[in-house]
Amino acid sequence: MSEVILALCYGGGKIGAAYYEEDIKTIRILHDVSEEGDFSVLVSLLEQVNPTQVLACSAQDISLLAFLNQICESEDEDKEDQSTTQESGAEEQVEEDTTEVAVVPNDDEDYENPHMKLHLLPKTEYRYEDAQKRIQLLFLGESSSVAESKLITSFRVDLSYENMIRSFGALLKYMDRNRIGVEYEHVDVKTPVSSIKVFTIEGMLDIDRTTFAALQIFQSDYHPSAGKLASSFKSSTKEGVSIFRICNRCRSVPGKKLLRRWFERPTTNKSILISRQQAISYFIQDCNMEVTQFLYAKLKHIKSLRGILTRIRGGTVSTNDWKNLYLTCCHMVQISEFLKGRQVKLDILDELLPFCNEKLVSTTAMLAEIIDFEASAKEDRFVVAKGVDAELDKSKAIHEQLPEILTRIAVEECRNLDIVSCSVGYIPVIGFLLSVPVGVSIPEGQDLDMVYCTDEVVNFKSPRMQELDSQIGDIKPIIMDMERTIMLRIQAKVNERSGAILRAVHVMAVIESLISLTIAAREYNWTRPLLVDQPIIDVDGARHPISELMSEKPFVANPIKSGGESSKVKLLTGPNASGKSVYLKMVGIIAYMAHIGSFVPADRAVMGPINRILTRMYTIDNVLDGMSTFAKDLNQMSIALRRSNGFSLVIIDEFGKGTITEVGLSILACTLNYWLAKGKQGCPHIYASSHFHALPELLEYNGNILTYHTLEVVKHGERLEFLYKLVNGMIDCSYASYTAAQVGMDKAIVSRADEVYNLLRSGKTLEHVLPCDYDEQEVNGEMARQMEYLLSDFMSWDLDEDPKGFLELSRSVLSAEPNFNETCSIGSPAYSVDFCARQRATQLANATQQRREAFSELSREASTRSREPEVSFGTTQDLPVRLSRAASSGQGQRIHDASSTPIPATSSRREASSEQRDRAQPSFGQTQEAAPGQVDQGFSFTLTQGAFPGAMREFSFGLSQENSQVGTNREFSFELSQEASSTPIRAFSFGLSQDGSLGPSSPFSFQLTQEEASVGSLAQKASQARSVPEDSDIVPETQIS
1 MSEVILALCY
11 GGGKIGAAYY
21 EEDIKTIRIL
31 HDVSEEGDFS
41 VLVSLLEQVN
51 PTQVLACSAQ
61 DISLLAFLNQ
71 ICESEDEDKE
81 DQSTTQESGA
91 EEQVEEDTTE
101 VAVVPNDDED
111 YENPHMKLHL
121 LPKTEYRYED
131 AQKRIQLLFL
141 GESSSVAESK
151 LITSFRVDLS
161 YENMIRSFGA
171 LLKYMDRNRI
181 GVEYEHVDVK
191 TPVSSIKVFT
201 IEGMLDIDRT
211 TFAALQIFQS
221 DYHPSAGKLA
231 SSFKSSTKEG
241 VSIFRICNRC
251 RSVPGKKLLR
261 RWFERPTTNK
271 SILISRQQAI
281 SYFIQDCNME
291 VTQFLYAKLK
301 HIKSLRGILT
311 RIRGGTVSTN
321 DWKNLYLTCC
331 HMVQISEFLK
341 GRQVKLDILD
351 ELLPFCNEKL
361 VSTTAMLAEI
371 IDFEASAKED
381 RFVVAKGVDA
391 ELDKSKAIHE
401 QLPEILTRIA
411 VEECRNLDIV
421 SCSVGYIPVI
431 GFLLSVPVGV
441 SIPEGQDLDM
451 VYCTDEVVNF
461 KSPRMQELDS
471 QIGDIKPIIM
481 DMERTIMLRI
491 QAKVNERSGA
501 ILRAVHVMAV
511 IESLISLTIA
521 AREYNWTRPL
531 LVDQPIIDVD
541 GARHPISELM
551 SEKPFVANPI
561 KSGGESSKVK
571 LLTGPNASGK
581 SVYLKMVGII
591 AYMAHIGSFV
601 PADRAVMGPI
611 NRILTRMYTI
621 DNVLDGMSTF
631 AKDLNQMSIA
641 LRRSNGFSLV
651 IIDEFGKGTI
661 TEVGLSILAC
671 TLNYWLAKGK
681 QGCPHIYASS
691 HFHALPELLE
701 YNGNILTYHT
711 LEVVKHGERL
721 EFLYKLVNGM
731 IDCSYASYTA
741 AQVGMDKAIV
751 SRADEVYNLL
761 RSGKTLEHVL
771 PCDYDEQEVN
781 GEMARQMEYL
791 LSDFMSWDLD
801 EDPKGFLELS
811 RSVLSAEPNF
821 NETCSIGSPA
831 YSVDFCARQR
841 ATQLANATQQ
851 RREAFSELSR
861 EASTRSREPE
871 VSFGTTQDLP
881 VRLSRAASSG
891 QGQRIHDASS
901 TPIPATSSRR
911 EASSEQRDRA
921 QPSFGQTQEA
931 APGQVDQGFS
941 FTLTQGAFPG
951 AMREFSFGLS
961 QENSQVGTNR
971 EFSFELSQEA
981 SSTPIRAFSF
991 GLSQDGSLGP
1001 SSPFSFQLTQ
1011 EEASVGSLAQ
1021 KASQARSVPE
1031 DSDIVPETQI
1041 S
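Under the UniProt record's numbering, the first residue of the sequence shown carries the number 1, and numbering increases by one thereafter.
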């Protein structure tokens, strides 16, 4: 039979485990799970694993050992334990820890498997440091050094789970010592381990501590006081602003503990979740508010009885313990009778209320009749009430009358001894004594035996004192002994009924936890989610509970759609501070709350089963584990890739920002493509956000699985208005400079960052970034280089032989890269790009490429007509790049693409070219070179138009440069002029100018000017023909001044 060896470690209210399957040579580890004294998790673990051997520490919690002794076959190991030191390989003797285990009756569980053998190992086998070193040896073959092996261990095994690491190490040591699977091999051969896997308890939602921290389920805040030592700060914590704190309205310790256990161990058991939802639905109704208020008021008196029962069992119970036990039992009986009287029918209580039976009622009555709580509080000991024992009552009566009796006897002794003054007192062990003051003379011949004397009195034993000793004796110790005997009998009775008492306390904790969730749901207007078996998440009006509570403005609700008819991979883009992270956390929180049986913050919710919630949002740094922040991010992504399936929820927030852009982008893209390749059934629910605007270009797009979303933002001039509304589409600008300016960063730094960003985005490298501290000489040199570059090409061109090349050169100047600062940074005119290219959000560079291709079409048409004597100048041609202008009413502009179906960029360009060819084609006439040697050198080629009545008009289109000195304003203008005999000369100049006094990085502006224009002139008509209506979506790419 194949061996299955399970090692356990229990501490700090959590249990960790590791077990080895001999047939497949696999070790499976269980991360630390919250466990209470009933050991329900342990029972589920034993049923799931079904081990043949169970290993536990002999110094473990006594209740755990007693429980294991009941369900396992104990095996005494008297031999001395041997442990092997992994670094030296030498065997050393280890002194065995022997601990006497008292078998504690436990009525809570009935699980029993006598085929399991229990082995108690010494405490040294469970040392954390030794276990960590032994685990590192498993990966020594994959590394070249011990340090590298330690790093690999940190990647493969989460060392933060202390109980799991202790169990793992103890398991490996036990297998080495007993040579499991290698009995006939060389002594240096270790037990083979082929793989290490993580497992979870069946029926539990798998969620790790980083996800708990990322979703802010629990939040610990330190509050050390001045009088506390630094060593005590660790325990001086309180619950901060968290989901648990919002939901925790329990006022009793058992209720708080149980609710926290529900939060720490969310379940996938649909019947349990529905029963909790049904109870919350009952308590939240207005007609049942009286029931809810009565129960909530009574439940605050319920105390935690597990520790009290343990002290009763050990004989160290205090007076206050007896009082708390009685009050708790009394209120539990009242609550039980109230529920039965009101006929409250709830599925979750039908199975629990029978535990509040006659045993609880009889125990409460017994405590009320036997214990005198008022006298016990005065004397600080167990005091039996009157009427319980006749002999005890008689002794108490004598003890109460003892002062009067002793006073009467003292008077009689004074009379018999013929002395002035005396007193009678009692001293334990010595008995009753006659005390005579030192100054009082005693007649001779009296039968008095002096016992001792002081400076004030002399104490004697008289015949009457001896008589009192025999009649009354040590009355007080006698009474205490009698009451102690009665107390022991009560302790035995309580121990017999401890199981029923603890079950009743659990029932009260369940009721209070449900009422606590009810109060939160009623206060924050949460709704009951509908649980289905299909892997879908369909939520309308979802809200983040913490953000909604802390926000000064009304929280903007958003939908959550995944699976079913919706896609399962959601990629979010948007500006910084637009609400992406809050939305991602909201998705995880709602899914999590649905799996603890709570109502959720939404208007409507349909939730399918989720077996794991995996996140890459939060990183817990530790300088001792040797892992960088990006390494931990990679580890979280690796876990998500290995353990996710079609019923998992994966949340990724800006992965890849911890390394260079190319690496982070490629890893994220490959990860998402891996999940996309699984299809809709195998792909988990994925919600990811990223500032990698090139990411859509690298993904295998499938609208059935993958969709793009963003949080809506409206731009009003230099101000952004975040609407926090989820919409379809993407944007390609993060507006980081705006966020930096909002948080107070220096404006010069923000402007410089924009300058560098625009150059990089235009396809240039850092070599093109000019220094900030340029001087006039550098400015003049840069301007001279630009002038030389432009003029040399124009002056050497043969316009007769190559008019097409001239057009291309002109196009290169006219089609200079647009000023990205005008479309992507704050302070630009009210224009923004409405992207119609691939994936509904094409980059601005693609739009510029479309414009160039459209111009090439015009160039090809013009070259075919370059030899014709005269052609007409046709209508204007709109460019294929769509630009949206802000409305003049001041409502702002939306900076995302709200279209629904992404299309490739190549398709967009083809459609634009086809549409362009269908329009009227403008043509260019013969070229003409201006006479050289003039002060203003000009290169012009003419366009003529004869469509209008009157004299022939000629329009010249060329490049001219003013003969200005270096360092002053330079202007390269493309002019459109008109000459007619009947009207003044009108000139339209469309050019590129730069103010040389501002430096080489000064902006080039394209301007359209008109000289001596008159109303009704041909020039004005041409200008109107080229204008764009205010409500049009097609506007010029450059600002018209």
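Glycine included, C-beta positions come from ideal geometry on N, C-alpha and C.
All figures in this text were calculated on a predicted structure; none of them were measured in a lab.
Alpha helix (DSSP H) containing residue 553: first to last residue? Here residue 553 belongs to no alpha helix (DSSP H), and DSSP marks it neither H nor E.
Tell me, which residues are paired with residue 331 by DSSP? Beta-bridge pairing links residue 331 to no other residue.
Taking residue 162 as the reference, give the member of 700, 29, 21 and 238 with the closest Cα. Distance check between residue 162 and each of 700, 29, 21 and 238 places 29 closest, using alpha-carbon atoms only.
Can you give me the Cβ contacts of residue 647 inside the same chain, cut-off strictly under 7 Å, excluding the 5 residues immediately before and after it? Counting only residues of its own chain and dropping the five nearest sequence neighbours on each side, residue 647 has a CB closer than 7 Å to the CB of 535, 609, 610 and 611.
Would you call residue 298 buried or exposed, if buried means 16 or more other Cβ atoms sit within 10 Å of its Cβ? Buried, since its Cβ has 16 or more Cβ neighbours within 10 Å.
Taking a contact to mean a Cβ-Cβ separation below 9 Å, would you say residue 546 touches residue 241 in this structure? In contact: residue 546 and residue 241 (Cβ atoms closer than 9 Å).
Roughly how many whole angstroms lie between the Cα atoms of residue 538 and residue 677? Cα to Cα, the separation comes out at about 23 Å.
With H, G and I counted as helix, E and B as strand and the rest as coil, what does DSSP make of residue 11? Looking at residue 11 - three-state DSSP - the assignment turns out to be strand.
Report the residue ranges of all beta strand (DSSP E) runs contained in full by the segment 536–621; include only those spanning at least 3 residues, in chain order. Those beta strand (DSSP E) runs which fall completely within the segment 536–621 and span 3+ residues are 537–542, 558–562, 569–573, 604–607 and 612–616.
Exposed or buried, which one is residue 377 when buried takes at least 16 other CB atoms within 10 Å? Its Cβ having fewer than 16 others within 10 Å, residue 377 is exposed.
Between the beta-carbon of residue 573 and the beta-carbon of residue 691, is there less than 9 Å? Yes, Cβ-Cβ distance for residue 573 and residue 691 is below 9 Å.
How far does the alpha helix (DSSP H) with residue 506 in it reach, from first residue to last? Element bounds for residue 506: 498–524.
Which stretch, first to last residue, makes up the alpha helix (DSSP H) that contains residue 275? Start and end: 270–284.
Looking at the strands, I want to know which residues DSSP matches up with residue 196. Its beta-bridge partners are 27.
Residues bridged to residue 121 by DSSP? In the DSSP output, where bridge partners are listed per residue, residue 121 has 57.
Distance, residue 526 Cα to residue 244 Cα: Approximately 15 Å between the Cα atoms of the pair.
Does the structure place the segment 405–415 close enough to the segment 460–473 that three or more beta carbon pairs sit under 8 Å? Yes: at least three Cβ pairs fall under 8 Å.
Inspect the beta-carbon positions of residue 497 and residue 363 and report whether they are closer than 9 Å. Against a cut-off of 9 Å, the Cβ pair of residue 363 and residue 497 comes out as a contact.
Short Cβ contact (9 Å threshold) for residue 558 with residue 739: No, the Cβ-Cβ distance between residue 558 and residue 739 is not below 9 Å.
What are the start and end residues of the alpha helix (DSSP H) that includes residue 411? DSSP places residue 411 in the uninterrupted alpha helix (DSSP H) bounded by 390–417.
Bridge partners of residue 719, per DSSP? Per DSSP, 716.
Quick one: what's got a C-beta closer than 6 Å to residue 459's C-beta in the same chain, skipping five residues either side? The beta carbon of residue 459 sits closer than 6 Å to the beta carbons of 433, 435, 451 and 452 from its chain, once the five residues preceding and following it are set aside; these are given in chain order.
What's the C-alpha gap between residue 819 and residue 760? Low confidence applies to residue 819: its pLDDT is 39, below 50, so where it sits in the model is not reliable, and the reading given next is rough at best. Distance between residue 819 and residue 760, taken at the CA atoms: about 12 Å.
I'd like to confirm the pairing. Which residues does DSSP put opposite residue 204 in its beta bridges? Residue pairing by DSSP places residue 204 opposite 267 in a beta bridge.
Reference residue 564; option with closest CA among 731, 704, 208 and 176: Of the listed residues, the one whose Cα sits closest to residue 564 is 704.
Whole-Å CB distance - residue 159 paired with residue 132, under 8 Å assumed: The Cβ separation is near 7 Å, so the contact holds.
Among the residues of its own chain, which have a CB less than 6 Å from the CB of residue 296, if the five just before and after it don't count? Taken in chain order, the residues that qualify are 515.
Residues near residue 591 by beta carbon distance below 6 Å, same chain, minus five either side: Result list for residue 591: 610 and 649, in chain order.
Start and end residues, alpha helix (DSSP H) containing residue 378: Note, residue 378: alpha helix (DSSP H), 373–379.
Is the segment 304–314 close to the segment 266–286, with three or more CB pairs under 8 Å? Verdict: no, contact absent.
Burial state of residue 580, where buried means 16 or more other Cβ atoms lie within 10 Å: Counting the other CB atoms within 10 Å of its CB gives residue 580 a total of 16 or more, which places it among the buried residues.
Which value, in whole angstroms, describes the spacing of the CA atoms of residue 247 and residue 521? The alpha-carbon atoms of residue 247 and residue 521 are separated by roughly 8 Å.
Measure how close the beta-carbons of residue 657 and residue 215 come, nearest whole angstrom, since I'm counting them as under 8 Å. By a beta-carbon distance limit of 8 Å, residue 657 does not contact residue 215. Their separation comes to about 20 Å.
Tell me where the beta strand (DSSP E) around residue 51 begins and ends. In the DSSP annotation of this structure, residue 51 is not part of any beta strand (DSSP E), being labelled neither H nor E.
Indicate whether residue 369 and residue 388 have their beta-carbon atoms separated by less than 9 Å. Going by C-beta atoms, residue 369 is nearer than 9 Å to residue 388.
Specify the secondary structure class of residue 175 as computed by DSSP and reduced to three states. Here residue 175 sits in helix by DSSP.
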